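By the UniProt record's numbering, the letter at position 70 of the sequence shown is numbered 70, and the numbering carries on one by one without gaps. Note that the Cβ used here is the ideal one computed from N, Cα and C, for glycine as well. A quick note: this is a predicted structure, and the numbers were derived from the prediction, not measured. Some notes on the structure that comes next.
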Amino acid sequence: MAAEEKFHVISAKYQGWGNEGEDFYFPVNFYSKDEAIAQFVSIEKFTEKNNRMVPYTAYEYDGNTFYTIIYRGIVDESELMYY
């Protein structure tokens, strides 16, 4: 019986007012933890707060912008959650 493939899991919340997010899976045989996280490029953005422009860090991956990213750990292929 072949061993199940393992994946790094990163949860990301989309930019915007909704609370929508998505999990992304990176095979451990191709990506280290740091390499998986590095797929999300940090960018500086600005928002208006109390009539002032305030900087914050956002993340871009695969043409999408995310407000936050969280590294969740490593899971087996059988534990992947596809929606």
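| Item | Value |
| --- | --- |
| Please state whether DSSP places Ala-38 in a helix, a strand or coil. | helix |
| I need the DSSP call for Glu-77, collapsed to helix, strand or coil. | helix |
| Who are the near neighbours of Tyr-83 in its chain, counting only those whose CB is closer than 7 Å to its CB and skipping five residues on each side? | Interpretation of Tyr-83 is limited by its pLDDT of 46, a score under 50 that renders its predicted location unreliable; no figure is taken from the coordinates. |
| For the structure I just gave you, are there three or more beta carbon pairs, one from the stretch 37-47 and one from the stretch 59-72, closer than 8 Å? | yes |
| Looking at the strands, I want to know which residues DSSP matches up with Phe-24. | Ile-10 |
| Give the straight-line distance between the Cα atoms of Glu-4 and Glu-79, rounded to the nearest whole angstrom. | 10 Å |
| Check whether the Cβ atoms of Arg-72 and Val-9 sit closer than 8 Å, and answer yes or no. | yes |
| Quick check: is any heavy atom of the ligand GTP less than 7 Å from the C-beta of Phe-66? | In the structure on display, the ligand GTP does not appear, and there are no ligands present to speak of. |
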